[in-house]
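Engineer: So that we are looking at the same thing, I have put the structure below in structure tokens.
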Amino acid sequence: MALRARKIVAPLLAAFIVFVLVPPLFILATSWHRRSEAARLLGCAKLLRPGITTETEAKNSLSPFNGYIVHGWESFSGRPSVTRDSYDISNYPGWLVRIAPHLPARVNKSIWFLPYTMFSVSPRFRDGELVLLQVSEIQPRRDNNHPYAAIVRVYSTTTETDDPALPTNFTGFKVNPIEEVWTDESGKPIGIPLVSRKYVSLDERASSRQFAQSFDFRLDCLTSVFGCHGAERILAIGE
């Protein structure tokens with residue numbers, strides 16, 4: 023009887039380990055590896071200078087991360103679309119993200135116990151020169167509202183004047199936080215306003231302190247099972 027019980031329990035235990043324990047452990051291990059990769063990518067991005075770094079130099083510096091390149095397009099109203107590549111590092115394996123929508127709803131839901139987070143570095147080139155560097159960290163929200171995000175755009179004074187995303191009256195450094203406020207039925211604010219998104223713009227006129235703070239992303243958002251609730255949690259910076 024004891025032998026028969028062991029023959030039944032052993033396969034059940036093996037199945038439990040394979041289907042219940044291994045997937046989340048694999049996801050967690052992936053997230054920590056991607057966090058390390060994101061830290062290396064951020065370190066490379068800090069060394070790039072729009073207006074100084076050439077396209078060849080930038081691509082050579084970022085070449086260790088070619089496996090994360092996503093080819094895309096950038097367009098603004100009234101302007102032709104241009105190619106814009108991005109080095110995207112997420113805390114989930116790419117193959118899992120692709121197959122998740124095809125899994126049963128209950129299985130799909132259980133996969134996302136770790137809040138999905140994306141860290142990106144996106145350079146823009148013109149005539150063989152780096153003219154813009156965008157660095158961002160974005161975490162979608164479970165309520166499907168605007169994601170929590172911090173987006174830093176590094177310009178050069180020699181090429182920034184024709185950029186439609188440049189802040190009005192820009193003088194070298196600008197932080198633009200986007201707040202959300204909950205209200206009651208009468209429109210009265212409830213609780214403390216939440217900064218859900220933060221846009222930072224700077225060029226070579228920014229101080230060394232402002233530059234350092236602009237790249238001080240909290241990459242632990244990639245591994246936190248609790249998530250980063252707000253842009254301040256991702257990038258704590260103000261003017």
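Numbering (the working numbering), first residue to last: 23 to 261.
Yeah, the Cβ is synthetic: ideal placement off N, Cα and C, and Gly gets one too.
1) How many Å lie between residue 245 and residue 163 at the Cα?
2) Label residue 119 either buried or exposed according to how many other C-beta atoms from any shown protein chain fall within 10 Å of its C-beta, with 16 as the threshold for buried.
3) So residue 172 packs on residue 257, CB below 8 Å; how close in whole Å?
4) So residue 175 is in the alpha helix (DSSP H); what residue range does that whole segment cover?
5) Would you report the Cα separation of residue 188 and residue 202, rounded to the nearest angstrom?
6) Quick check on this structure: which residue in 132, 114, 158, 122 has the alpha carbon closest to the alpha carbon of residue 68?
7) With a floor of 4 residues, list each alpha helix (DSSP H) that falls wholly inside the region 57–144, ordered by position along the chain.
8) Take the Cβ of residue 111 as the centre, count every other Cβ of all protein chains shown within 10 Å, and call the residue buried at 16 or more, exposed below.
9) Please classify residue 174: is it buried, with 16 or more other beta-carbons within 10 angstroms of its beta-carbon, or exposed?
10) Can you check whether the CB of residue 185 is closer than 9 Å to the CB of residue 177?
11) How would you call residue 47, buried or exposed, if buried means at least 16 neighbouring beta carbons within 10 angstroms?
12) For residue 204, list the residues DSSP reports as bridge partners.
Structural biologist: The relevant details are as follows:
1) Taking the first residue of the sequence shown as position 1, residue 245 is located at position 223. Taking the first residue of the sequence shown as position 1, residue 163 is located at position 141. Cα to Cα, the separation comes out at about 16 Å.
2) Residue mapping note: residue 119 aligns to position 97 of the sequence shown, counting from 1. Classification of residue 119: exposed, given that the 10 Å Cβ count is below 16.
3) Along the sequence shown, one-based indexing puts residue 172 at 150. Along the sequence shown, one-based indexing puts residue 257 at 235. Between residue 257 and residue 172 the Cβ distance is about 4 Å, and since that is below 8 Å, they are a contact.
4) As a first step, residue 175 is located in the sequence shown; it is residue number 153 there, counting from the start. It is not in any alpha helix (DSSP H) - residue 175 instead sits in the beta strand (DSSP E) that spans 170–176.
5) Mapped onto the sequence shown, residue 188 falls at position 166. Mapped onto the sequence shown, residue 202 falls at position 180. Each residue's Cα considered, the two are about 23 Å apart.
6) Along the sequence shown, one-based indexing puts residue 68 at 46. Nearest C-alpha to residue 68: 158.
7) 77–84, 116–121, 127–133
8) As a working mapping, residue 111 is identified with position 89 in the sequence shown. When all chains shown are included, residue 111 counts as buried.
9) Your numbering for residue 174 matches position 152 in the sequence shown. Per the 10 Å Cβ criterion, buried.
10) The sequence position of residue 177 within the sequence shown is 155, counting from 1. The sequence position of residue 185 within the sequence shown is 163, counting from 1. A contact, by the Cβ cut-off of 9 Å.
11) Here residue 47 refers to the residue found at position 25 of the sequence shown. By the 10 Å Cβ count, residue 47 comes out exposed.
12) Locating residue 204 in the sequence shown gives position 182, counting from the first residue. Its beta-bridge partners are 212.
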